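Novice:
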Amino acid sequence: MRNRILLISRASEETHNLKYELRRQDHFSVNVASTPDHALRSLMNEQVNLVVFNTEAFTRKKMQITYDLREIGRKVPVLVLAESVLPDVLLSLRNAQGTVLLEKPYEPKDLFGLSEKLMGGEGCSQRIYRRYFTNQEGEFYKPHVRDLGVQMKVRNLSQGGAFIEFEERINLRTGDVLNLNIRLVEVRKSYKMPAKVVWVSASSPMGRTGCGVQFVR
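And the structure:
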């Protein structure tokens, strides 16, 4: 059975490409509404599993639209794609049920992954810091362990956390605290900070393990 997605987006090449990307998933069916009013009418007349709201700037007015969409759509989850968002709007999203913001630019896997989670009824915590793609090097240490540091690659970085990859076999679990040493080559500085593991991915075909960490204040 296909999951039905209602895409709210103005007619544009970006909308065409986004619709195409979503339809590449065999179990996604996508209809497009060019305005929020059009979307509200669609929600009253058909069953929808997810609303994808594509916009440039996500404002308080547009956040109110997501509340209206969820009310009309029997609490249908909403995924917002936006280039910019005011800090107070982003922080208020942490308490919004069933609405998640994905800032542009994003990777297709993030779009598909969040869509699957929201349609599957899984809880998705809102990222409150923009992540920047990077390729910095460094190492991490497990506290109270005297072994040498594990070499790592920092794939993306934000004020609140990072995604790291490493090749060595080491047992990490959610909740583990690591001491990170990130080397920023461009500015010739190193930053040392503690971080908590929030999720761990399975090893990739290249033999690398990845994990998401949240910096500990």
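For the sequence shown, the numbering used here begins at -17 and goes up steadily by one. Cβ coordinates follow ideal geometry from the N, Cα and C atoms, glycine included. Keep in mind it's a predicted model, so treat the numbers as computed, not measured.
Hey, how far is the Cα of GLU150 from the Cα of GLY103?
Specialist: As a working note, residue 150 is residue 168 in the sequence shown. As a working note, residue 103 is residue 121 in the sequence shown. One C-alpha to the other measures close to 35 Å.
Novice: What are the boundary residues of the alpha helix (DSSP H) that THR48 is part of?
Specialist: On the sequence shown, residue 48 is found 66 positions in, with the first residue counted as 1. Here the alpha helix (DSSP H) through THR48 covers 42 to 54.
Novice: Within this structure, are the beta carbons of GLY286 and LEU100 separated by less than 9 Å?
Specialist: An answer regarding residue 286 cannot be provided, because it is not within the stretch -17 to 199 covered by the chain.
Novice: So for THR(-3), helix, strand or coil by DSSP?
Specialist: Looking up residue -3 in the sequence shown gives position 15. Correct three-state label for THR(-3): helix.
Novice: Between THR17, GLU98, VAL136 and HIS20, which has its C-alpha nearest ASP8's C-alpha?
Specialist: The count along the sequence shown starts at 1 and reaches residue 8 at position 26. Cα-wise, what sits closest to ASP8 is GLU98.
Novice: Quick one: using the 10 Å Cβ neighbour count with 16 as the cut-off for buried, is GLY224 buried or exposed?
Specialist: Nothing can be reported for residue 224, as the shown portion of the chain is limited to -17 through 199.
Novice: What does DSSP give as the partner residue(s) for LEU(-11) in the beta ladder?
Specialist: Position 7 of the sequence shown, counted from the first residue, corresponds to residue -11. Partner(s): VAL14 and VAL34.
Novice: For ASN36, count the other beta carbons within 10 Å of its own beta carbon; 16 or more makes it buried, fewer makes it exposed. Which is it?
Specialist: Counted from its first residue, the sequence shown places residue 36 at position 54. Buried is the call here.
Novice: Out of LYS124, VAL71 and ASN161, point me to the one whose CA is closest to ALA39's CA.
Specialist: For the purposes of this step, residue 39 is identified with residue 57 of the sequence shown, where counting begins at 1. Cα-wise, what sits closest to ALA39 is VAL71.
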